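Residue numbers (full-length UniProt numbering): 1 to 81.
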């Protein structure tokens with residue numbers, strides 16, 4: 001269970017991307033990802049590293065695309081929480 005949860009979290013964070021000032025939709029998604037990770041027992045250091053990667057990926061997308069992607073991911077996370 002924990003391994004599959006970690007893979008899900010990593011997959012979602014790799015699939016996401018927005019600008020230096022993280023759009024609120026993406027910040028909300030990250031909060032959900034971090035909560036699932038913590039609840040799954042993933043170490044804090046791993047979560048911090050993943051957050052950095054998440055923010056870097058978000059920064060690569062145009063803002064509109066980032067928001068759309070984050071809203072989609074938020075819906076998926078709502079289903080698994």
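Even glycine gets a Cβ: it sits at the ideal position worked out from N, Cα and C. Small disclaimer: the values here were computed from a predicted structure and weren't measured.
Could you tell me the boundaries of the alpha helix (DSSP H) in which residue i lies?
i	result
residue 81	Note, residue 81: premise wrong, no alpha helix (DSSP H); not H, not E.
With 16 as the cutoff for other CB atoms within 10 Å, does residue i come out buried or exposed?
i	result
residue 79	exposed
residue 46	exposed
residue 81	exposed
residue 56	exposed
residue 16	Note that residue 16 has pLDDT 46, beneath the 50 cutoff, so the model's placement of it is unreliable and the number below is only indicative. Classification for residue 16: buried.
According to DSSP, simplified to helix, strand and coil, what is residue i?
i	result
residue 77	helix
residue 40	coil
residue 68	helix
- prompt: Quick one: any contact between the segment 37-51 and the segment 61-73, if contact means 3 or more CB pairs under 8 Å?
  reply: no
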